[in-house]
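Enquirer: The sequence shown: position 183 = 184 (this note's numbering), numbered continuously.
Backbone N, C-alpha and C fix where the C-beta goes; we use that ideal spot for every residue, glycine too.
Sharing a structure with you now.
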Amino acid sequence: MTERPSRRLLLVHAHPDDESINNGATMARYAAEGAHVTLVTCTLGERGEVIPPELAHLTGAGLGEHRLRELTAAMRAVGVEDFRLLGGPGHYQDSGMMGLPDNDDPGCLWQADVDEAAAHLVEVIREVRPQVLVTYDPDGGYGHPDHIQAHRIAMRAADLAAEAGLGIAKVYWNRVPRTIAEDAFARLQEVLPGLTFPKSAVIDDVPGVVDDERITTEIDGTAYAAAKAAAMAAHATQIEVAEPYFALSNQLAQPLFSTEYYELVRGQQGAQGRETDLFAGIEVAS
Ligand SMILES: [Zn+2]
């Protein structure tokens, strides 16, 4: 058996592209530093809106296949080799935006049994033995059913893993500090006339924004900003990048953060004040 890297990070996301938007710099940094980075994506995003007109014909399973290729390219950009779909590609399908009839589709993630879905994730945890888990807050950052469900599955899997003696030392939720978001949007207003995007998004469009006091951890990804932007650009059906900004299919410009922020929700804070390392305080075998 080959020796496993001493630091192991697991991220759980809803759709291809969420990992690059939320954690692209973090993933690139830990991969570059030799940590084992594992991404589990719960659906292929088959109900995402497609931006490029030449790809607008893609829907359903065809779009899912295309998005898996985009995810593959994005993971190449951040240097992550271990990425998986929960239960295998296509096992759980995109539930669409909250309130749509799509939410009732029996194959969609929103209709999945959380315990059953979490069991798939526990198998990954058993294999990888991560010390750190990153996912969304209970609202999924912004209320998308798949993001809410990804949160529930990740947290339930963490509980089940602990019961099985596979406890994960630290669990984090993706965050953006309110003052950082406010400053970035203020700068965006100034440069917006020079950008290709017609309008600006607003802070409420950014997932996971909270008051600064709740931020426990700040990962400086400045050195990996280009890798993050490349990973986001690889998701061309979903994201248009014009560094340091980007837009989703609504064409509303928003800031691309190369420093990424987290709230520690389980485990011991590993530093006085803000941590600068997700593994802070964890004893890792050297
Ligand atoms: Zn998503």
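Please look up how many angstroms separate the CB atoms of residue 207 and residue 182, rounded, as I've assumed it's under 8 Å.
Expert: Between residue 182 and residue 207 the Cβ distance is about 6 Å, and since that is below 8 Å, they are a contact.
Enquirer: Rounded to the nearest angstrom, how far is the Cβ of residue 49 from that of residue 72, given a contact under 8 Å?
Expert: The Cβ separation is near 12 Å, so there is no contact.
Enquirer: Is there at least one non-hydrogen atom of ligand 1 closer than 7 Å to the beta-carbon of residue 224?
Expert: False, no ligand heavy atom lies under 7 Å from that Cβ.
Enquirer: Using alpha carbons as the reference points, say which of 189, 248, 155, 192 lies closest to residue 139.
Expert: Measuring from the Cα of residue 139, the nearest candidate turns out to be 155.
Enquirer: So, do the stretch 265-285 and the stretch 181-199 have three or more beta carbon pairs nearer to each other than 8 Å?
Expert: They do not touch, by the three-pair rule.
Enquirer: Roughly how many whole angstroms lie between the Cα atoms of residue 202 and residue 247?
Expert: Each residue's Cα considered, the two are about 10 Å apart.
Enquirer: Closest by CA to residue 75, which one among 98, 92, 16, 271?
Expert: Nearest C-alpha to residue 75: 16.
Enquirer: Less than 6 Å between C-beta atoms, sequence neighbours within five positions excluded: which residues of the same chain meet that for residue 86?
Expert: The residues are 42.
Enquirer: Determine the direct distance from the alpha carbon of residue 254 to that of residue 194, and round the result to whole angstroms.
Expert: Roughly 11 Å between the two C-alpha positions.
Enquirer: Three or more beta-carbon pairs under 8 Å between the stretch 153-173 and the stretch 112-123, yes or no?
Expert: Segments in contact, yes.
Enquirer: Give me every residue whose Cβ sits closer than 5 Å to any heavy atom of ligand 1, in chain order.
Expert: Listed along the chain, these residues meet the criterion: 15, 16, 19.
Enquirer: If you draw a straight line from the C-alpha of residue 167 to the C-alpha of residue 158, how long is it?
Expert: Their backbone Cα atoms lie some 10 Å apart in a straight line.
Enquirer: Let me check understanding here. Comparing Cα to Cα, which of 4, 29, 265 lies closest to residue 171?
Expert: Here the closest residue by C-alpha is 265.
Enquirer: Could you give the residue range of the beta strand (DSSP E) that holds residue 47?
Expert: First-last for residue 47: undefined, no H or E at that position.
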